[in-house]
Amino acid sequence: MGKEKLTKDKASILYAAIMWVLALVCIYPFIMMVLISFRNQGDVYLPLFSRARMTFANYMQVLRTRYFGNWYWNTFRTVTVSIFFRLIVTIPASYAFSRMRFRGGALILSILVATMMVPTEATMVSRYLYFKKLGILNSSLSIVLPEIAEVFYLVLLIEFFRAIPEELIEAAKMDGASHITIMGRIFVPLSGPAIATAILFSFINIWNNFVDPFLFINNTSKQLLTPALKFFQSSGGANIPMQLAGASLSVVPIIVLFVFTQKFFVAGIASSGIKG
């Protein structure tokens with residue numbers, strides 16, 4: 005028993021050491037971005053932890069940019085609306101595919117899952133022409149509409165819904181509950197971790213979306229934050245610290261959201277069976 009415990013302790017220490025190394029490798033670019041964002045332009049290429057002069061001028065210049073507030077608000081509004089309608093569509097669809105039996109359900113789900121194999125870049129031209137015909141180019145609708153029906157989140161919630169005990173549904177049906185009641189009073193409350201995971205993933209993906217707003221929105225004041233960071237390069241030349249200051253400010257909402265949803269996020273990942 006003593007040898008087995010010692011072996012397990014060594015394995016745990018080795019595992020923790022590997023996780024720490026991987027965590028530091030992942031967080032190093034973020035630390036680099038933040039530290040360089042406080043430097044003067046002439047100190048960019050000094051060693052990262054050297055005694056370079058620190059300044060808040062880059063952040064003040066970013067915040068004084070004419071449309072920076074518009075970009076932040078446009079992005080936050082687009083993300084919020086997209087997530088709201090995504091949940092309105094995805095939760096009932098996930099319940100239907102996981103708990104209701106209807107003709108062609110398996111085939112429809114297979115077709116939806118197959119669309120995940122189509123690269124986004126392959127549909128850019130067709131989407132542009134389609135949005136132009138609809139008259140929604142240069143508006144947030146061109147970003148919101150494609151985000152509403154994202155198959156990944158459908159599959160995520162289906163897997164979680166299937167794990168809910170069948171006995172709860174049978175008991176609810178014996179009490180005369182309809183599918184809408186069962187979904188709203190049983191599935192949604194029990195699916196907090198999975199829904200929180202879907203919200204966090206959705207927020208990160210839509211907030212960091214570069215290609216779609218860059219392609220479909222041409223008006224500077226209507227642009228979203230991530231593609232709008234290129235304007236710092238246009239107006240500031242090769243002012244790398246200013247660009248990194250803008251990038252640092254852009255990740256603040258993601259960090260705040262992750263801090264408040266971390267517990268639900270970990271529980272949702274563990275229960276849904278997603279592997280990293």
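Converting from the sequence shown to our numbering requires adding 4 to each position, the first position being numbered 1.
Heads up, the beta-carbon is just placed ideally off N, CA and C, and yes, glycines get one too.
Just so it is clear, the structure is predicted and the values come from calculations on it, not from any experiment.
Assumed close pair Ile140, Ser146 - CB separation to whole angstroms, cut-off 8 Å: 5 Å
Beta-carbon proximity of Ile210 to Thr127, cut-off 8 Å: no
Separation of Asn74 from Thr59, as counted between CA atoms: About 25 Å.
Continuous alpha helix (DSSP H) stretch holding Ala61: start and end: Taken as a continuous stretch (DSSP letters only), the alpha helix (DSSP H) holding Ala61 covers 61-67.
Buried or exposed (CB count within 10 angstroms, at least 16 for buried), Cys30: exposed
Inter-stretch contact at 8 Å, needing at least 3 Cβ pairs: the region 195-214 / the region 246-253: no
Among Leu219, Met37, Leu28, the one whose alpha carbon lies nearest that of Phe135: Leu219
Beta-carbon gap between Phe165 and Arg105 smaller than 8 Å: no
Counted within 10 angstroms of its Cβ, other Cβ atoms place Leu233 as buried (16 or more) or exposed: Looking at its Cβ environment, which holds 16 or more other Cβ atoms inside 10 Å, Leu233 is buried.
C-beta contact flag for Ala56 and Arg43 at 8 Å: yes
Stretch pair the region 216-231 + the region 78-94: three plus CB contacts closer than 8 Å: Contact between the region 216-231 and the region 78-94 is present, because at least three Cβ pairs lie under 8 Å.
Those runs of the alpha helix (DSSP H) which lie wholly inside the region 75-120 and span at least 4 residues: 109-118
Limits of the unbroken alpha helix (DSSP H) element including Ser206: 196-211
Three-state secondary structure (DSSP) of Arg189: helix
Burial state of Phe191, where buried means 16 or more other Cβ atoms lie within 10 Å: buried
Contact belief for Met187 with Tyr49 at Cβ below 8 Å, rounded distance in angstroms: Wrong, their Cβ atoms sit about 57 Å apart, outside the cutoff.
Three-state secondary structure assigned by DSSP to Arg43: strand
Ile168: first and last residue of the uninterrupted alpha helix (DSSP H) it sits in: That residue, Ile168, is in no alpha helix (DSSP H); it is neither H nor E in DSSP.
Contact check, Ile258 vs Ile208, beta carbons under 8 Å: yes
Thr119 to Val155 span [Cα, whole Å]: Straight-line measurement puts the Cα of Val155 at about 8 Å from the Cα of Thr119.
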